[in-house]
Amino acid sequence: MDTKKLLMGTVVGGITYFILGFLIYGIALAGMMQGPCMRPETDMVWWAMIAGNLGYAFLLSYVFLKAGIGSLGAGLQMGAVIALVVALSVDLMMYATTNVIPDMTGIAVDVVASAVLGSGAGAAVGKVVGSGGAPAA
(Lines of atoms letter the chains of each structure in order from A and count residues from 1; the text may use other names and numbers.)
(Lines give C-alpha, C1' and ligand atoms only; values in the text may rest on other atoms or scores of the structure.)
Protein backbone atom coordinates (compact mmCIF):
# COMPACT_ATOMS: atom_id res chain seq x y z
CA MET A 1 0.00 0.00 0.00
CA ASP A 2 1.21 3.49 -0.83
CA THR A 3 1.63 5.12 2.59
CA LYS A 4 2.15 8.58 1.12
CA LYS A 5 -1.19 8.41 -0.73
CA LEU A 6 -2.88 7.01 2.38
CA LEU A 7 -1.63 9.94 4.48
CA MET A 8 -2.31 12.58 1.82
CA GLY A 9 -5.80 11.20 1.25
CA THR A 10 -6.40 11.27 5.00
CA VAL A 11 -5.29 14.89 5.36
CA VAL A 12 -7.06 16.22 2.25
CA GLY A 13 -10.17 14.16 2.97
CA GLY A 14 -10.20 15.25 6.60
CA ILE A 15 -10.01 18.93 5.66
CA THR A 16 -12.72 18.47 3.03
CA TYR A 17 -14.91 16.57 5.48
CA PHE A 18 -14.47 19.33 8.08
CA ILE A 19 -15.31 22.17 5.68
CA LEU A 20 -18.31 20.41 4.15
CA GLY A 21 -19.50 19.33 7.60
CA PHE A 22 -19.44 22.95 8.75
CA LEU A 23 -21.34 24.08 5.65
CA ILE A 24 -23.95 21.30 5.85
CA TYR A 25 -24.44 20.83 9.60
CA GLY A 26 -23.11 24.14 10.94
CA ILE A 27 -24.89 26.43 8.48
CA ALA A 28 -27.50 24.72 6.26
CA LEU A 29 -28.96 22.46 8.96
CA ALA A 30 -28.01 24.53 12.02
CA GLY A 31 -31.61 25.29 13.01
CA MET A 32 -32.66 21.68 12.76
CA MET A 33 -29.62 20.40 14.63
CA GLN A 34 -29.96 22.71 17.64
CA GLY A 35 -31.31 21.05 20.74
CA PRO A 36 -30.57 20.08 24.29
CA CYS A 37 -27.98 17.47 23.32
CA MET A 38 -25.89 19.78 21.11
CA ARG A 39 -22.87 21.60 22.50
CA PRO A 40 -22.60 25.31 21.83
CA GLU A 41 -19.72 26.10 19.48
CA THR A 42 -17.79 27.64 22.37
CA ASP A 43 -17.89 24.26 24.17
CA MET A 44 -16.96 22.15 21.15
CA VAL A 45 -14.31 19.49 21.81
CA TRP A 46 -12.09 20.38 18.87
CA TRP A 47 -9.53 17.59 19.22
CA ALA A 48 -12.38 15.08 18.95
CA MET A 49 -13.86 16.87 15.92
CA ILE A 50 -10.48 16.85 14.17
CA ALA A 51 -9.81 13.21 15.07
CA GLY A 52 -13.26 12.19 13.84
CA ASN A 53 -12.79 13.95 10.50
CA LEU A 54 -9.36 12.40 10.03
CA GLY A 55 -10.67 8.97 11.06
CA TYR A 56 -13.40 9.07 8.44
CA ALA A 57 -10.96 10.29 5.80
CA PHE A 58 -8.54 7.50 6.76
CA LEU A 59 -11.34 4.96 6.26
CA LEU A 60 -12.06 6.32 2.79
CA SER A 61 -8.36 6.48 1.86
CA TYR A 62 -7.72 2.94 3.04
CA VAL A 63 -10.76 1.47 1.29
CA PHE A 64 -10.07 3.40 -1.91
CA LEU A 65 -6.45 2.28 -2.06
CA LYS A 66 -7.39 -1.37 -1.39
CA ALA A 67 -10.23 -1.28 -3.93
CA GLY A 68 -8.27 0.61 -6.62
CA ILE A 69 -10.58 3.64 -6.55
CA GLY A 70 -8.47 6.46 -7.89
CA SER A 71 -10.57 9.14 -9.54
CA LEU A 72 -12.74 12.03 -8.51
CA GLY A 73 -15.90 10.45 -9.96
CA ALA A 74 -15.36 6.99 -8.52
CA GLY A 75 -14.45 8.52 -5.16
CA LEU A 76 -17.58 10.67 -5.18
CA GLN A 77 -19.77 7.65 -5.86
CA MET A 78 -18.11 5.30 -3.36
CA GLY A 79 -17.84 8.04 -0.71
CA ALA A 80 -21.60 8.62 -0.95
CA VAL A 81 -22.39 4.90 -0.65
CA ILE A 82 -20.08 4.37 2.33
CA ALA A 83 -21.40 7.48 4.13
CA LEU A 84 -25.01 6.53 3.45
CA VAL A 85 -24.61 3.00 4.83
CA VAL A 86 -22.61 4.15 7.87
CA ALA A 87 -25.04 6.99 8.69
CA LEU A 88 -28.10 4.79 8.24
CA SER A 89 -26.64 2.09 10.48
CA VAL A 90 -25.51 4.48 13.23
CA ASP A 91 -28.67 6.60 13.11
CA LEU A 92 -30.97 3.59 13.34
CA MET A 93 -29.02 2.18 16.29
CA MET A 94 -29.10 5.58 18.02
CA TYR A 95 -32.83 5.90 17.32
CA ALA A 96 -33.39 2.46 18.82
CA THR A 97 -31.35 3.07 21.98
CA THR A 98 -31.29 6.83 22.76
CA ASN A 99 -33.35 10.01 22.58
CA VAL A 100 -30.75 11.84 20.50
CA ILE A 101 -32.66 11.26 17.25
CA PRO A 102 -36.35 11.76 18.07
CA ASP A 103 -37.96 10.67 14.80
CA MET A 104 -37.47 9.21 11.34
CA THR A 105 -37.29 12.70 9.81
CA GLY A 106 -34.05 13.31 11.67
CA ILE A 107 -32.69 10.03 10.36
CA ALA A 108 -33.66 10.82 6.77
CA VAL A 109 -32.11 14.29 6.89
CA ASP A 110 -28.90 13.03 8.49
CA VAL A 111 -28.53 10.15 6.03
CA VAL A 112 -28.94 12.45 3.04
CA ALA A 113 -26.61 15.07 4.56
CA SER A 114 -24.05 12.36 5.33
CA ALA A 115 -24.22 11.03 1.78
CA VAL A 116 -23.59 14.52 0.38
CA LEU A 117 -20.73 15.04 2.84
CA GLY A 118 -19.29 11.61 2.05
CA SER A 119 -19.48 12.22 -1.68
CA GLY A 120 -17.47 15.42 -1.36
CA ALA A 121 -14.85 13.87 0.89
CA GLY A 122 -14.80 10.77 -1.32
CA ALA A 123 -14.22 12.87 -4.43
CA ALA A 124 -11.28 14.62 -2.76
CA VAL A 125 -9.78 11.36 -1.50
CA GLY A 126 -10.33 9.63 -4.85
CA LYS A 127 -8.54 12.44 -6.64
CA VAL A 128 -5.61 12.37 -4.20
CA VAL A 129 -5.10 8.61 -4.10
CA GLY A 130 -5.41 8.43 -7.87
CA SER A 131 -2.83 11.12 -8.56
CA GLY A 132 0.56 10.15 -9.85
CA GLY A 133 -0.48 7.04 -11.74
CA ALA A 134 -2.62 4.04 -10.97
CA PRO A 135 -3.65 3.63 -7.32
CA ALA A 136 -1.94 0.87 -5.37
CA ALA A 137 -4.20 -2.11 -4.82
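According to our numbering, the sequence shown is numbered sequentially starting from 330.
Using N, Cα and C, we set each Cβ at its ideal position, and we do this for glycine too.
Practice problem: Quick one: grab the DSSP three-state call for Thr427. | Solution: Counting from 1 along the sequence shown, the entry for residue 427 is found at position 98. Residue state, collapsed to three classes: coil.
Practice problem: Whole angstroms is fine: what's the gap from Ile348's alpha carbon to Asn382's? | Solution: For the purposes of this step, residue 348 is taken as the residue at position 19 of the sequence shown. For the purposes of this step, residue 382 is taken as the residue at position 53 of the sequence shown. Approximately 10 Å between the Cα atoms of the pair.
Self-check item: Where Arg432 falls: helix, strand or coil (DSSP)
Solution: Taking the sequence shown and counting its residues from 1, one reaches residue 432 at position 103. The amino acid occupying residue 432 in the given sequence is Asp; Arg does not appear at that position. Looking at Asp432 - three-state DSSP - the assignment turns out to be coil, as it is neither helix nor strand.
Quiz item: CB-CB under 6 Å to Val457, same chain, minus the five flanking residues each way: which ones, in chain order?
Solution: Counted from its first residue, the sequence shown places residue 457 at position 128. Closer than 6 Å at the Cβ level, and outside the excluded window around Val457, lie Met337, Gly338 and Val341.
Practice problem: Give me the Cα-Cα distance between Gly435 and Ser418, rounded to the nearest whole angstrom. | Solution: By one-based count along the sequence shown, residue 435 stands at place 106. By one-based count along the sequence shown, residue 418 stands at place 89. Taking the straight line from one Cα to the other gives about 13 Å.
Self-check item: Between the CA atoms of Thr332 and Gly399 - distance to the nearest angstrom
Solution: Here residue 399 refers to the residue found at position 70 when the sequence shown is read from its first residue. Here residue 332 refers to the residue found at position 3 when the sequence shown is read from its first residue. Those two C-alpha atoms are separated by around 15 Å.
Quiz prompt | Endpoints, the alpha helix (DSSP H) within which Thr339 is located | solution = As a first step, residue 339 is located in the sequence shown; it is residue number 10 there, counting from the start. Segment Thr332 to Gly350, the alpha helix (DSSP H) holding Thr339.
Quiz item: Given that a residue counts as buried once 16 or more other Cβ atoms are within 10 Å of its Cβ, and exposed if not, what is Val441?
Solution: On the sequence shown, position 112 is the one that residue 441 refers to. When all chains shown are included, Val441 counts as exposed.
Practice problem: Mind reading off the beta-carbon distance from Gly451 to Leu358? Whole number of angstroms is fine, and I expect it under 8 Å. | Solution: In the sequence shown, counting from the first residue as 1, residue 451 sits at position 122. In the sequence shown, counting from the first residue as 1, residue 358 sits at position 29. Between Leu358 and Gly451 the Cβ distance is about 20 Å, and since that is not below 8 Å, they are no contact.
Quiz item: By Cβ distance below 8 Å, which residues in the same chain neighbour Ser443 in space, the five residues on each side in sequence not counted?
Solution: Your numbering for residue 443 matches position 114 in the sequence shown. Ala412, Leu413, Val415 and Ala416, listed in sequence order.
Quiz item: How would you label Met407, buried or exposed, when you count the other beta carbons within 10 angstroms and need 16 or more for buried?
Solution: Stepping through the sequence shown from its first residue, residue 407 is reached at position 78. Classification for Met407: buried.
Practice problem: Please confirm whether any heavy atom of the ligand MG lies closer than 7 Å to the CB of Tyr424. | Solution: Among the components modelled here there is no ligand, and therefore nothing to report on the ligand MG.
Exercise. Decide if Ile379 is buried, meaning its Cβ has at least 16 other Cβ atoms within 10 Å, or exposed.
Key: On the sequence shown, residue 379 is found 50 positions in, with the first residue counted as 1. It counts as exposed.
Quiz item: Do you know how far the Cα of Gly455 is from the Cα of Gly397?
Solution: As a working mapping, residue 397 is identified with position 68 in the sequence shown. As a working mapping, residue 455 is identified with position 126 in the sequence shown. Rounded to whole angstroms, Gly397 to Gly455 spans 9 Å at the Cα level.
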